[in-house]
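Okay, so here's the structure we're looking at.
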Amino acid sequence: MTDTRGPQPQGYDGYASGALPSEREPQGQGQSAQPYHPPQAYPSPAGGGGTPGTGGAQGGAQGAGQQPGVAAVRLPRTGARTTPRTRKARLRVAKADPWSVMKVSFLLSIALGICTVVAAAVLWMVMDAMGVFSTVGGTISEATGSNESNGFDLQSFLSLPRVLIFTSVIAMIDVVLATALATLGAFIYNLSAGFVGGVELTLAEDE
């Protein structure tokens, strides 16, 4: 039989002169042994992302302006402003202990009574040093006096011991009344809180 196909090519350009892509090229005696790298479908990005052993990671680090082996440091943002957050809690005073209210009101009323006595003594000394009692007392004695009597003596009536005793009695009455009213107010608040829920408070805490 006669071959009519004519002369055939010896091989394709891509495979005639070398090994297939999935095969290793034969190494000669003078070539050093190198690791085998399979063919890649997509090229590696420039400056980094290469295959292990090819120096792709070092190239990416050097391309970014950093030295190889040095970890990247994240710089803080200078334009960002940090505002403190405020946490709020809404609470409700459901009950007031009458015993604690009585103790606190008793101590506060005693302190207020002592302040009242001290303030009265200081005010009397200032007015006596200014001559108020002598001037007003002389005027009142002349107005209320007669030929038989000298009139009303204001200085003896408003002496310092009498003023202090009178102020102390008023302070003691205030202590008793303030303590009793505060305790009664606690009972009334507990009764009203059972119906309406009590007083609501909003507390805020800055971080």
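As numbered in my numbering, residues 22 to 228 make up the sequence shown, in order. From the three backbone atoms N, C-alpha and C, an ideal C-beta is built for every residue, glycine too.
Residues that ASP195 bridges to, as DSSP identifies them: DSSP lists no partner for ASP195.
ASP118 (DSSP reduced to helix, strand or coil): coil
Nearest neighbour of ILE161, chosen from VAL153, MET151, VAL143 and LEU175 [CA to CA]: LEU175
Cβ shell of ARG113 (< 8 Å), same chain only, five flanking positions each side left out: GLY218, GLY219, VAL220, GLU221 and LEU222
Sufficient close CB pairs (3 or more, under 8 Å) joining the segment 124-137 to the segment 176-183: no
Given ALA201 as reference, the closest of ARG111, ALA115, LYS109 and LEU129 once Cα atoms are compared: LEU129
ASP174, DSSP secondary structure in three states: coil
Member of ALA225, LEU224, ASN211 and PHE216 whose CA lies at the smallest distance from the CA of LYS116: ASN211
Closest residue to ILE194 among PHE216, PHE127, PHE154 and TRP120 (Cα-Cα distance): PHE127
Residues that LYS109 bridges to, as DSSP identifies them: ALA225
Cα-Cα separation between LYS124 and LYS109, rounded to whole angstroms: 31 Å
Limits of the alpha helix (DSSP H) - the one that GLY159 falls within: 153-165
Own chain, CB closer than 8 Å to ILE186, minus 5 neighbours either side, in chain order: none
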